[in-house]
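Please read the structure below before turning to the comments.
Numbering (UniProt numbering), first residue to last: 1 to 209.
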């Protein structure tokens, strides 16, 4: 794939998040989405990575054109706490309900009782990725967290967890693709207990994504 083809691919990527209405309004406060061009390029890299990783499939219908019929799904994870003697002490159990958002929520603010409850876009869709991945983009710490003062409604978020930072959140990302074959959709199996402790880091972290 040459540069021009890659640029054409990037022009199609916004369609993969178009099902989120007012996406800029919902997530513009978070540093992961401040630079829209960087987000689009990141998603384009994800698409290319997935395509070339599956290039040996025998299914002739699995082409780049079909791969573009994808959607990226996002989940926000929220925690409250503080850093004591340099050690981050944050947990979802410290969230102040009903003032704080839930542990997991959609970009539109809808609460998720469990990550397992996040639906696929439709019955003929399947997860292209077996797991959710942390979006390591822009001003986040080594585990993808971004911090602010006392309120989740803050417009100031960054990777520093010191000096009165009592709330933090991070973005989980997963790719879904339309299933054009008769194969069984991938199981949305994920151990909720593993989410806080097992960091499934975004594949392009080493490329400063």
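Glycine is no exception: its CB is placed at the ideal position from the N, C-alpha and C atoms.
Nearest neighbour of residue i, chosen from the options [CA to CA]
i           : options             : result
residue 169 : 116, 120 and 77     : 77
residue 150 : 69, 82, 51 and 136  : 82
residue 133 : 166, 96, 175 and 79 : 175
residue 100 : 7, 166 and 172      : 166
residue 91  : 103, 98 and 85      : 103
residue 160 : 86, 111 and 124     : 86
residue 46  : 135, 79 and 157     : 135
residue 96  : 79, 69 and 84       : 79
Between the CA atoms of residue j and residue i - distance to the nearest angstrom
i           : j           : result
residue 147 : residue 42  : 22 Å
residue 38  : residue 153 : 24 Å
residue 186 : residue 130 : Low local confidence applies: a pLDDT of 42 at residue 186 is under 50, so the model's placement there is unreliable, with the coordinate-based value given in what follows. Those two C-alpha atoms are separated by around 7 Å.
residue 244 : residue 48  : The displayed coordinates of the chain run from 1 to 209. Any statement about residue 244 would go beyond what the structure contains.
residue 88  : residue 141 : 12 Å
residue 98  : residue 51  : 43 Å
residue 106 : residue 53  : 28 Å
residue 184 : residue 113 : Any reading at residue 184 needs caution, since the residue's pLDDT is 41, under 50, leaving its predicted position unreliable; the model's value is listed next. Roughly 26 Å between the two C-alpha positions.
residue 211 : residue 164 : Because the chain here runs from 1 to 209, residue 211 falls outside it and cannot be looked at.
residue 177 : residue 122 : 10 Å
residue 93  : residue 11  : 41 Å
residue 126 : residue 31  : 29 Å
residue 196 : residue 40  : Its pLDDT being 33, under 50, residue 196 is placed unreliably by the model, and nothing is read from it.
residue 162 : residue 44  : 34 Å
The beta strand (DSSP E) enclosing residue i, as first and last residue numbers
i           : result
residue 170 : 167–178
residue 79  : 70–84
residue 88  : 87–91
residue 146 : 146–148
residue 126 : 125–127
Buried or exposed (CB count within 10 angstroms, at least 16 for buried), residue i
i           : result
residue 155 : exposed
residue 138 : buried
residue 144 : buried
residue 179 : buried
residue 16  : buried
residue 128 : buried
residue 13  : buried
Cβ contact (3+ pairs, closer than 8 Å) linking the segment 73–92 and the segment 111–122: Taking one beta carbon from each stretch, the segment 73–92 and the segment 111–122 have 3 or more pairs nearer than 8 Å; the two touch.
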